[in-house]
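Trainee: Sending over a structure as structure tokens; questions will come in a sec.
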């Protein structure tokens, strides 16, 4: 009986302690909120994961800009979980009292809306990249939703295809490795390939296969394609570099590396190295370093009033960024400035890489 | 002898194939079903595209079966026990990470050569050992214990690799994939070695028989004096050992390591084990079944490309094949409950 009483009591006490603790916590949270009003905004990067090279470079770019601008920077990682991504952003909005600039690569297309709405409500400034629903527009959330940036997958797919065709002399058979079927990037890049094929009737697409963006799958797939087509394969088009590098290793196992040129998209280090050795004909990159830094720069400049988003033309609110082509001609230069050293980017040149408004 | 309830449960779908099976010799026929599936599959593909039986293609088939086979060898012992090991991808990526970071690479100055391979295999074994400890000592079901180890392993390699892909520059380790002995890449010989080792363990050691006994009925095994805890821990460590080897092979084949190097391997390995005729409930099947299962899955993937099946329906075909293979090899009339 005594035990039971003391047990009940301890419950009461801990509940009271909890209440007091919570009150103290709320008070503590509220105080700095008042203080922070005059502080510099916090820069926040929200990305999918740190386990892929692409987002790892993105983060480096964000940190480089934060250092250049002398601001505090926080990286949020959603780990491919939309709920976590949105919840983390809301927590950050609460913590900073809305005094923040967000550069987000939403995990999934529908995520962009709750993210933008939460930011607009809290008074934070937000730039989104890659994913947003077609009916969500920066101009509907003035001035908080500053810009949305994408890269034209059709143009990338077409550019690398044309370089591949030129490398193999304008005729012969090629095989293509596509990304995960349902993703926009995979669909657009394939459209670009199709457009290039239509313009080059002497090039024959022997087969189009899907390796789901992965080098491991591309490795096995390429072996099988070699069986089916053998020496008829004169070139390989890959929708991303990781698959391209898997295909390259499959070629290497058959002593064909360097004899059958490969092209890819993303500009990962393996691919850049392969362009240097001549095993890749080219790769094209959206330049995640620029994306990570410039997304924050655009948001921050709007926040401090350097420009007024409302007065900007439509092609500054929703635009395609300029992709950087890395081929045999410029690879040494690219290597010197981007791999051996950290890239130098003029963070004041906000609109230098705008290539046009996004197709609707 | 069939009990009355068995007869009541028999539906047309289970009755017909069962009848056919009985005509051809019942249980015996069933145990050979996966092999029959493999042979029929090979014949069909070879008729449709003679390139299939070219020596070059057979070598390629062997090469792409090397990593899944080594993986599935480890997994077979766990499934034979009636447990499951979901840590396949995590353990594989840890071992690939260890070998790349310790051998010559483009990120740090290490160059320990074959010691790196040894360390990677030890790391894999250690991961399996911990899975076994967690399962037996903390009494956490293998499903959850190894799910945890999967993410621990993945997190570890993400952290160590800094999220990027790191190249393997050690030429002798890359020779596992690039150098050939008697026309076959060394990786194939390593996988063959793994298969022989697994076969010896299963059929000629006490450990192998104890694993089978635990899968058949753990209580009976315990009462017969089998040290269940020790056998379980050893089996998980053994599985980790095989995962470790396949991590090294995967890194050697791709010439690089990134955290997601194991992506999709778990599913492929489980499919291969089950298609080969090893029951997920444990106690039935073995490494020879798994060898056939791996070959079925690999031949199918190869065949679909050779036949030019559209990538949009390949997954559907794969799914149909899995169901068909299991339907043929599993004696469904003997199943008391299906869950």
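Chains as they are written, first to last, in the numbering used here: chain A, -5 to 354; chain B, 6 to 344.
We put the beta carbon where it would ideally sit given N, CA and C, even for glycine.
In this text the structure is predicted, and so the values were computed from the model without any measurement.
Any Cβ of chain B within less than 8 Å of the Cβ of residue 222/A?
Mentor: Judged by the 8 Å Cβ criterion, residue 222/A is in contact with chain B.
Trainee: For residue 72/A, which of helix, strand or coil comes out of DSSP?
Mentor: It is coil, neither helix nor strand.
Trainee: Just curious, the beta strand (DSSP E) that residue 144/A is in, first and last residue?
Mentor: It spans 139 to 145 - the beta strand (DSSP E) in which residue 144/A sits, taken as one unbroken run.
Trainee: Taking a contact to mean a Cβ-Cβ separation below 8 Å, would you say residue 175/B touches residue 109/B in this structure?
Mentor: Yes, Cβ-Cβ distance for residue 175/B and residue 109/B is below 8 Å.
Trainee: Within 8 Å (strictly less), CB to CB, does residue 163/B reach chain A?
Mentor: It does: the Cβ of residue 163/B has a partner Cβ on chain A nearer than 8 Å.
Trainee: Please say whether residue 257/A and residue 275/A have beta carbons closer to each other than 8 Å?
Mentor: A contact, by the Cβ cut-off of 8 Å.
Trainee: List the residues of chain B whose Cβ lies closer than 8 Å to the Cβ of residue 203/A, in chain order.
Mentor: What residue 203/A touches in chain B: 310 and 316.
Trainee: Where DSSP assigns a beta bridge to residue 201/A, which residues make up the other side?
Mentor: Residue 201/A pairs with 169/A.
Trainee: Can you list the beta strand (DSSP E) stretches of 3 or more residues lying completely in the segment 90 to 166 of chain A, in chain order?
Mentor: If we require 3 residues or more, the beta strand (DSSP E) runs fully inside the segment 90 to 166 of chain A come out as 94 to 98, 119 to 123 and 139 to 145.
Trainee: Name the chain A residues whose beta carbon is nearer than 7 Å to that of residue 36/B?
Mentor: Per Cβ cutoff of 7 Å: no residues; residue 36/B is ~29 Å from chain A at best.
Trainee: Measuring CB to CB, does residue 212/A end up less than 8 Å from residue 232/A?
Mentor: Yes, Cβ-Cβ distance for residue 212/A and residue 232/A is below 8 Å.
Trainee: Report the residue from 47/B, 81/B, 61/B and 50/B whose alpha carbon sits nearest the alpha carbon of residue 276/B.
Mentor: Of the candidates 47/B, 81/B, 61/B and 50/B, the one whose C-alpha sits nearest the C-alpha of residue 276/B is 81/B.
Trainee: Rounded to a whole number of angstroms, what is the C-alpha to C-alpha distance between residue 321/B and residue 183/B?
Mentor: Roughly 33 Å separates the two Cα atoms.
Trainee: What residues in the segment 243 to 268 of chain B have a beta carbon less than 9 Å from any beta carbon of chain A?
Mentor: From the segment 243 to 268 of chain B, only 255, 258, 259, 260, 261, 263, 264, 265, 266, 267 and 268 have a Cβ closer than 9 Å to chain A.
Trainee: Rounded to whole angstroms, what is the Cα-Cα separation between residue 354/A and residue 130/A?
Mentor: Using only the alpha carbons, I get a separation of about 12 Å.
Trainee: For residue 183/B, go through chain A and note every residue whose CB falls closer than 7 Å to its CB, in chain order.
Mentor: Those within 7 Å of residue 183/B in chain A are 246 and 247.
Trainee: Quick one: give me the first and last residue of the alpha helix (DSSP H) that residue 2/B is part of.
Mentor: Outside the modelled stretch of chain B, which goes from 6 to 344, sits residue 2/B, for which no answer is possible.
Trainee: In chain order, what residues of the same chain have a beta carbon less than 7 Å from the beta carbon of residue 202/A, not counting five sequence neighbours either side?
Mentor: 170 and 172, listed in sequence order.
Trainee: With DSSP collapsed to three states, give me the class of residue 171/B.
Mentor: Reduced to three states, the DSSP call for residue 171/B is strand.
Trainee: Would you identify the three-state DSSP class for residue 319/A, choosing helix, strand or coil?
Mentor: If DSSP states are grouped into helix, strand and coil, residue 319/A belongs with the strands.
Trainee: Below 8 Å, can you find three or more Cβ-Cβ pairs linking the segment 277 to 296 of chain A to the segment 341 to 354 of chain A?
Mentor: Yes, the segment 277 to 296 of chain A touches the segment 341 to 354 of chain A.
Trainee: With a threshold of 7 Å on Cβ separation, who are the neighbours of residue 355/A within its own chain once the five nearest residues in sequence on each side are excluded?
Mentor: Nothing about residue 355/A can be reported from this structure: the residues present for chain A run from -5 to 354 only.
Trainee: Assign residue 64/A to buried or exposed, taking buried as 16 or more other Cβ atoms, counted over all protein chains shown, within 10 Å of its Cβ.
Mentor: By the neighbour-count rule (16 or more Cβ atoms within 10 Å), residue 64/A is not buried but exposed.
Trainee: So, are the CB atoms of residue 147/B and residue 206/B less than 8 Å apart?
Mentor: No; because the gap between Cβ atoms is not below 8 Å, this pair is not in contact.
Trainee: Ignoring anything shorter than 3 residues, give me the beta strand (DSSP E) runs that lie fully in the segment 242 to 314 of chain A, in order along the chain.
Mentor: The qualifying runs are 256 to 259 and 274 to 279.
Trainee: So what does DSSP say about residue 227/A, is it helix, strand or coil?
Mentor: In this structure, residue 227/A counts as strand in the three-state DSSP scheme.
Trainee: Between residue 43/B and residue 301/B, which are expected to be in contact by the criterion C-beta below 8 Å, what is the C-beta distance as a whole number of angstroms?
Mentor: Contact holds; Cβ gap of about 5 Å.
Trainee: Just how far apart, CA to CA, sit residue 27/A and residue 84/A?
Mentor: Any reading at residue 27/A is ruled out, since the residue's pLDDT is 48, under 50, leaving its predicted position unreliable.
Trainee: For residue 244/A and residue 335/A, I'd like the C-alpha separation in whole angstroms.
Mentor: Rounded to whole angstroms, residue 244/A to residue 335/A spans 31 Å at the Cα level.
Trainee: In the segment 259 to 293 of chain B, which residue ranges form an unbroken alpha helix (DSSP H) of at least 4 residues, counting only runs that do not cross its ends?
Mentor: Runs found: 270 to 280.
Trainee: By Cβ distance below 7 Å, which residues in the same chain neighbour residue 350/A in space, the five residues on each side in sequence not counted?
Mentor: So the qualifying residues of the chain are 309, 313 and 314.
Trainee: Determine the chain B residues that contact residue 47/A at a beta-carbon separation under 8 Å, and present them in chain order.
Mentor: By Cβ distance, chain B contributes 168, 169, 170 and 263.
Trainee: Can you name the residues of chain A whose CB is closer than 8 Å to the CB of residue 59/B?
Mentor: Result: 221.
Trainee: Going straight from the alpha carbon of residue 148/A to that of residue 120/B, what length do you get?
Mentor: One C-alpha to the other measures close to 47 Å.
Trainee: Please list, in chain order, all residues of the same chain as residue 290/B whose beta carbon is under 8 Å from its beta carbon, the five residues on each side excluded.
Mentor: For residue 290/B, where only same-chain residues beyond five positions count, the Cβ hits under 8 Å are 81, 84, 85, 278, 281, 282, 283 and 284.
Trainee: Would you please state the rounded distance, in angstroms, between the beta carbons of residue 44/A and residue 68/A? I believe it to be under 8 Å.
Mentor: Contact doesn't hold; Cβ gap of about 14 Å is too wide.
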